[in-house]
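All remarks here apply to the structure that follows.
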Amino acid sequence: MTSQELHYLSISEAADLISQKRLSPVELTQAHLTRIEATEPRLNSFITLLAYDALASAQTAEQEIQAGDYRGPLHGIPIGLKDLYYTKGILTTVGSKILRDFVPDYDATVTERFAEAGAVLMGKLQMHEFALGATSVNPHDGPAHNPWDVDSITGGSSGGSGSAVGSGQVMGALGSDTGGSVRIPAGLCGIVGLKPTFGRVSRRGVFPLSFSLDTVGPMTRTARDAALIMNVIAGYDSRDPSSANMPDEDFTAALGQSMSGLRIGIPDEFFYDIIDPEVAEAMCVATGMLGELGATVERVSIPVLNHSLAISSTILIAEAAEVHTENLRDRPQDIGADVRGRLQTGALTSAHDYLKAQRARTEFNNQMAEVMERYDILVAPTSAIGAPKINQTHIEIGGRQENALSLMSRLTRPFNICGFPTATIPSGFTSAGLPIGMQIAGRPFEDATVLQVADAYEQATDWHTRRPPV
Amino acid sequence: MSENNITQNIVESLALAGGIKLTSDESAALVASVQATANDMATLDALDLKGVEPAITFRADPQGDSR
Chain A
1466 MTSQELHYLS ISEAADLISQ KRLSPVELTQ AHLTRIEATE PRLNSFITLL AYDALASAQT
1526 AEQEIQAGDY RGPLHGIPIG LKDLYYTKGI LTTVGSKILR DFVPDYDATV TERFAEAGAV
1586 LMGKLQMHEF ALGATSVNPH DGPAHNPWDV DSITGGSSGG SGSAVGSGQV MGALGSDTGG
1646 SVRIPAGLCG IVGLKPTFGR VSRRGVFPLS FSLDTVGPMT RTARDAALIM NVIAGYDSRD
1706 PSSANMPDED FTAALGQSMS GLRIGIPDEF FYDIIDPEVA EAMCVATGML GELGATVERV
1766 SIPVLNHSLA ISSTILIAEA AEVHTENLRD RPQDIGADVR GRLQTGALTS AHDYLKAQRA
1826 RTEFNNQMAE VMERYDILVA PTSAIGAPKI NQTHIEIGGR QENALSLMSR LTRPFNICGF
1886 PTATIPSGFT SAGLPIGMQI AGRPFEDATV LQVADAYEQA TDWHTRRPPV
Chain B
2 MSENNITQNI VESLALAGGI KLTSDESAAL VASVQATAND MATLDALDLK GVEPAITFRA
62 DPQGDSR
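If you read the protein sequences in the order shown, they are chains A and B.
Converting from the first sequence to our numbering requires adding 1465 to each position, the first position being numbered 1.
Converting from the second sequence to our numbering requires adding 1 to each position, the first position being numbered 1.
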């Protein structure tokens, strides 16, 4: 098998070969390091590359497997972590100047779980500073570059995770998602991203952005691979106050099951207000495909969606400002201008406004819960446009100049408000050759159903098999 | 805040009350974003929130899920 064939294997495919001792974790890791060496100057996916440690982990994995101690599908698999996951003894900058020298003295729960599963940590991945932004254009580390067009952004805030997985530098990664930071870069980089149900994956040892919105999620090249990672990282954690005490489950269990009987809703409001016609057309074709696969697909009116941005933005920036109280007071000059401005706006938000937004959130969630009594799944575009160029501010849609960054990042917000599990999967390309993503959202704690639908769509299409030119 | 017109003076007063140090350029730049928050809040008046409590994540039952 050539190096290229190795670095674009899915986790599932590689795990089968490794478990049968037909593929060496060392060979697999070396192939990815070669890929990183070839592409990193154009992508800037990594903040910290752990080449030596990764090879040592791969050698350990190989010895264990040869000795008959195979731990499971992530054993010997090269993965990456967004640089806000605590890694004991390893630099964790959160994409910031303020934490440029921060080395945690403990591992995040998800870092521990990856290690227990025998995964090979390749490095810490680039991100928008403090995860407070959707471009991954970072004043301290430089921008992450989109593997489909290196002059375009990856989206964010988990931009390095998007570019690393999309380009074959790693087989899977973790992002974090507060307003869309897994799904936006996954969608724009042509990969799968899952924002699990709020509370389903531990946040212990994850640098916070917004207490009531933050989630941890996998970014992979297939839905099955996302399920395999969820099998490792999901589960109750008594050390995380937000962790949901739900039974463990096999997130691959529903993969391959028929979609017959599933009811899918396409919201009328919000998602198609301002959208690139090419993205809207791709959604039309994709939702048609879901119907052909056996689901009942129909339009549904959810007027409360029109309040998504007011609720999400107010809560997010107010909570983020509280997290960064000391940084704003003591080191504002060390925070990039865009993030500093958002934090300052949050700091000026009144308790009255914050609570009003949280009350509106209750009403939003009540109405969404009512809708989900009638539907198993909602589908919507992930971003209204393909990836903008780095530093592009506006885009023309329908003869009008629209704010490109706003359009790119607004459609993921509703599902953070209600905490629904939501995946994005590749569902087409713009005429410029940039990926289009489709969101699939389900009821709380029905992450497996979301992955079932994502996998079924994937099996019926070839978007996820296309590779970027980088 | 209501949807009143936000001025630089208002921003600077809010910052002073909140202990936030702003340069004159920063307070001027924040007028638009604070105005946007005020406008967002005004749109929420369209929702009937009588009797609706905020989505606070605290639960007395430590074993329960978080919402």
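Positions of the beta carbon are idealized from the N, C-alpha and C atoms, including for glycine.
All values reported here derive from a predicted model rather than from experimental measurement.
Cβ of residue i within 7 Å of any chain B Cβ
i	result
residue 1869 of chain A	no
residue 1931 of chain A	no
residue 1714 of chain A	no
residue 1705 of chain A	no
residue 1820 of chain A	yes
residue 1809 of chain A	yes
residue 1813 of chain A	yes
residue 1573 of chain A	no
residue 1532 of chain A	no
residue 1775 of chain A	yes
DSSP three-state assignment for residue i, whether helix, strand or coil
i	result
residue 1634 of chain A	coil
residue 1511 of chain A	strand
residue 1617 of chain A	strand
residue 1819 of chain A	helix
residue 1926 of chain A	coil
residue 1469 of chain A	helix
residue 1693 of chain A	helix
residue 1659 of chain A	strand
residue 1517 of chain A	helix
residue 1591 of chain A	coil
residue 1797 of chain A	helix
residue 1789 of chain A	coil
residue 1642 of chain A	strand
residue 1706 of chain A	coil
residue 1610 of chain A	strand
residue 24 of chain B	coil
residue 1579 of chain A	helix
residue 1933 of chain A	coil
residue 1685 of chain A	strand
residue 1906 of chain A	strand
residue 1586 of chain A	strand
residue 1892 of chain A	strand
residue 1480 of chain A	helix
residue 1543 of chain A	strand
residue 1491 of chain A	helix
Close-in-space but distant-in-sequence residues of the same chain around residue i (CB under 7 Å, 5 per side omitted)
i	result
residue 1818 of chain A	1779
residue 1488 of chain A	1479 and 1482
residue 1766 of chain A	1733 and 1734
residue 45 of chain B	none
residue 1558 of chain A	1512, 1548, 1564, 1565 and 1567
residue 1804 of chain A	1594, 1595, 1597 and 1598
residue 1811 of chain A	1782, 1783, 1785 and 1786
Sequence-distant residues of the same chain with beta carbon closer than 6 Å to residue i, five excluded per side
i	result
residue 63 of chain B	Bear in mind that the predicted position of residue 63 of chain B carries a pLDDT of just 49, short of 50, making it too unreliable to give a figure here.
residue 1847 of chain A	1648, 1652, 1889, 1902 and 1904
residue 1701 of chain A	1708 and 1710
residue 1753 of chain A	none
residue 1822 of chain A	1776, 1779 and 1780
residue 1879 of chain A	1770 and 1773
residue 1476 of chain A	1542, 1636, 1637, 1690 and 1693
Closer than 7 Å to chain A by CB, residue i
i	result
residue 21 of chain B	yes
residue 50 of chain B	yes
residue 8 of chain B	no
residue 24 of chain B	no
residue 17 of chain B	no
Contact set between residue i and chain C, taken where Cβ atoms lie within less than 9 Å
i	result
residue 54 of chain B	Reference to chain C is not applicable here, since the protein chains of this structure are A and B.
Contact set for residue i: own chain, Cβ-Cβ below 8 Å, skip 5 residues either direction
i	result
residue 1616 of chain A	1610, 1854 and 1855
residue 1599 of chain A	1593, 1620, 1621, 1622, 1644, 1645, 1646, 1649, 1870, 1873 and 1874
residue 36 of chain B	6 and 7
residue 1589 of chain A	1511, 1512, 1513, 1515, 1545, 1546, 1547, 1548, 1550, 1552, 1555, 1556, 1557 and 1558
Taking only beta carbons into account, state which residues of the region 27–41 of chain B come closer than 7 Å to chain A, listed in chain order.
In summary, the residues of the region 27–41 of chain B whose CB is separated from some CB of chain A by less than 7 Å are 27, 30, 31, 34, 35, 38 and 41, in the order they occur in the chain.
Scan the region 1826–1880 of chain A and note each continuous alpha helix (DSSP H) run of 4 residues or more that stays entirely inside, going in chain order.
Counting only runs that start and end inside the region 1826–1880 of chain A, the alpha helix (DSSP H) elements of at least 4 residues fall at 1869–1874.
To test your reading of the DSSP string, which unbroken beta strand (DSSP E) runs of 3 or more residues are found completely within the region 1712–1786 of chain A?
Complete beta strand (DSSP E) runs here, min 3: 1728–1732 and 1761–1765.
Just by C-beta distance, which residues in the region 1640–1653 of chain A are closer than 7 Å to chain B?
Of all residues in the region 1640–1653 of chain A, none has a Cβ within less than 7 Å of some Cβ in chain B.
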